[in-house]
Amino acid sequence: MNSVAIIGAGITGLTAGFRLHRLGVPVTVYESSDHAGGVIRSLRQDGYLAEFGPNTLLDTSPKIREIIREANLTNRLMHSDPKASNRYLVRYRKTIAAPSTPAAFLTSELFSPAAKFKLFLEPFKPRWHNAYEESVAQFVLRRLGQEFLDYAIDALVAGIYAGDPAQLSVIHGFPKLYALEQKYGSMIKGQILGARERKRRAETSKQDAQKLSFDEGLQVLPETLGHQLGNALRLRHSITLARAEGNAWVVSFDSPQGPGERRHSAVLYAGNAYRLADLKIGGVTTPDLKLFSRIDYPAVTSIVLGYRRQDVAHPLDGFGMLIPKIEKFNILGTLFSSSLFPNRAPAGHVTLTSYVGGRRQPDLATKEAAELYRLVDADLRVLLGVTGQPTFRNCIHYQRAIPQYEVGYGQFKAAMDDLEKSAPGFFIAGHFRHGISMSDSLVSGYDVADRINQWLANLKEA
Ligand SMILES: Cc1cc2nc3c(=O)[nH]c(=O)nc-3n(C[C@H](O)[C@H](O)[C@H](O)COP(=O)(O)OP(=O)(O)OC[C@H]3O[C@@H](n4cnc5c(N)ncnc54)[C@H](O)[C@@H]3O)c2cc1C
């Protein structure tokens, strides 16, 4: 039989299912919602393309291109416009381009002379062998000082995690940054010297990776993978129980046709941490899954607004802007979506994608759509010189958006390792184990497919 049950049809579960399918292993992908792709949501409406979840897929690993090629999507792939390379940060209640060269850094008004001097001292600061796990804020304060924390890192953490640097763990949330200090003694030295090693491993850093999407948005990828899986993808099937029976696993589900169950040789959990906490696992003794309910996923609402180009004064010549907490706006960050990729807005119009909520202001994300349109529009007026009324508005509320890899996250990773050891044939992959980005999730799905394939091969030989 050797079939695999995959729980969750986000990009992790679909990549794993697609790869196993290509390797000749039968799979069934169970998804409780009515669509494939999880948090990835693209909508074409009134000539706009609204992207509510991830906006870009970072090309960090050759495995990403391989999946795209095997899904026959190469001709629909889009690369972000190289002209949209500026990244803006907000200070003094205005957008300032983040410096991208040492010369631009020296003359930038973003940081004071004292803060700049601290950056130049960074390579000379000693490597610290911590007796305790540091937060991102503690790490940055120690190496770069308060101003970098307040005006750069706070905004960056909001843009990536919708998180709080004082809570986020540096070793779990930014493991590569942490490793740079441990290996090279300095982030700056490590950035330079680490580039050679990445080249050898054919990897690209997130900072240097190309930003990808598809002609009709990122949802093209999960939809295509789901389509190629055909009947093996079961939407509206919510898995409630996975039970080990000898060498087999029986999964129980609720579906519109009523409850049911099916036998498989292995199970991959590619859902969310908080739903793993509610899953029942029978036939083996496992760690207490309730632990996973403690991983915080703060609410985020994505708001997509369209404007006439002439009603936005800002050149929008970049990726977007990130806003530090200290500047006291409602928005965490805004992507200049129609500058990044073509056909995101009708001719003479622009699309701006803003995020609110997160760890910084979770209650804001729960406000009514009309109120959020008003608050976001008000911020955009100050920051981007918007004058006219929006020509397009839409939003999606993510009640639980992005897992926070906070200080102490190691206990959850250890519990996942223990769970796999105590339940042979039960695997876990995805955004709360191997990194939160879409590319991390895709690679996590790819790698777990290979692990499962190997495990099944060993089972056959035994
Ligand atoms: C607002 C937002 C913006 C983002 N922006 C970016 C970005 O710009 N760039 C980037 O790289 N990343 C971004 N991310 C992160 C990235 O999109 C996600 O981490 C990634 O897509 C997660 O994929 P996944 O498959 O692991 O999980 P999910 O997409 O969460 O999918 C899990 C699926 O499992 C299903 N499921 C769970 N339990 C069960 C069960 N018991 N039975 C059946 N089905 C179940 C769920 O319904 C869900 O569909 C963003 C995320 C959000 C929310």
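For the sequence shown, position 281 (counting from the first letter as 1) is numbered 1181 according to our numbering, and the numbering increases by one without interruption. Glycine included, each C-beta is placed from N, C-alpha and C at the ideal position.
Exercise. At which residues does the alpha helix (DSSP H) containing Ala-1357 begin and terminate?
Worked result: 1338–1361
Exercise. Are Asp-1196 and Glu-1306 close, meaning C-beta to C-beta below 8 Å?
Worked result: yes
Exercise. Measuring CA to CA, which of Asp-1317, Arg-1281, Val-925 and Ala-1066 is closest to Gln-1304?
Worked result: Ala-1066
Exercise. Do you know how far the Cα of Thr-1201 is from the Cα of Phe-1024?
Worked result: 42 Å
Exercise. For the 8 Å Cβ check, are there 3 or more pairs between the segment 956–965 and the segment 1113–1123?
Worked result: yes
Exercise. Does at least one heavy atom of ligand 1 sit under 7 Å from the Cβ of Ala-1269?
Worked result: no
For this session: For Tyr-1174, I'd like the list of residues in its chain whose CB is within less than 8 Å of its CB, leaving aside the five on either flank, ordered along the chain.
Result: Phe-1192, Ser-1193, Ile-1195, Tyr-1197 and Arg-1300
Exercise. Does ligand 1 have a heavy atom nearer than 7 Å to the CB of His-1137?
Worked result: yes
Problem set entry | Three-state secondary structure assigned by DSSP to Tyr-948 | strand
Problem set entry | Segments assigned alpha helix (DSSP H), at least 4 residues, entirely inside the segment 1027–1088 | 1036–1043, 1054–1061, 1070–1073 and 1075–1084
For this session: Determine, using beta-carbon pairs with one atom in the segment 1250–1269 and one in the segment 1200–1215, whether at least three such pairs fall under 8 Å.
Result: yes
Exercise. What separation, rounded to the nearest whole angstrom, lies between the Cα atoms of Lys-994 and Gly-937?
Worked result: 36 Å
Exercise. Can you give the Cα-Cα distance for Leu-1006 and Leu-1019, rounded to whole angstroms?
Worked result: 11 Å
Problem set entry | Close Cβ partners of Arg-1143 (< 6 Å) along its chain, the five nearest in sequence each way excluded | Val-1150, Gly-1182 and Gly-1183
Exercise. In three-state DSSP terms, what is His-1331?
Worked result: coil
Problem set entry | Cβ contact check for the segment 1123–1131 and the segment 921–936: 3 or more pairs under 8 Å | yes
For this session: Please classify Tyr-1174: does DSSP put it in a helix, a strand, or coil?
Result: helix
For this session: Decide if the segment 1150–1168 is in contact with the segment 939–955; the criterion is three or more beta carbon pairs, one per stretch, under 8 Å apart.
Result: no
Exercise. Applying the criterion that 16 or more other CB atoms from any shown protein chain within 10 Å of the CB defines a buried residue, is Leu-1080 buried or exposed?
Worked result: buried
For this session: For Pro-1075, count neighbouring Cβ atoms within 10 angstroms of its own Cβ and tell me buried if that reaches 16, exposed if not.
Result: exposed
Exercise. Is the beta carbon of Gly-953 within less than 7 Å of some heavy atom of ligand 1?
Worked result: yes
Exercise. Is the Cβ-Cβ distance between Val-904 and Ala-1166 less than 8 Å?
Worked result: yes
Exercise. In this structure, what does DSSP give as the bridge partners for Ser-1254?
Worked result: Ile-1203 and Thr-1234
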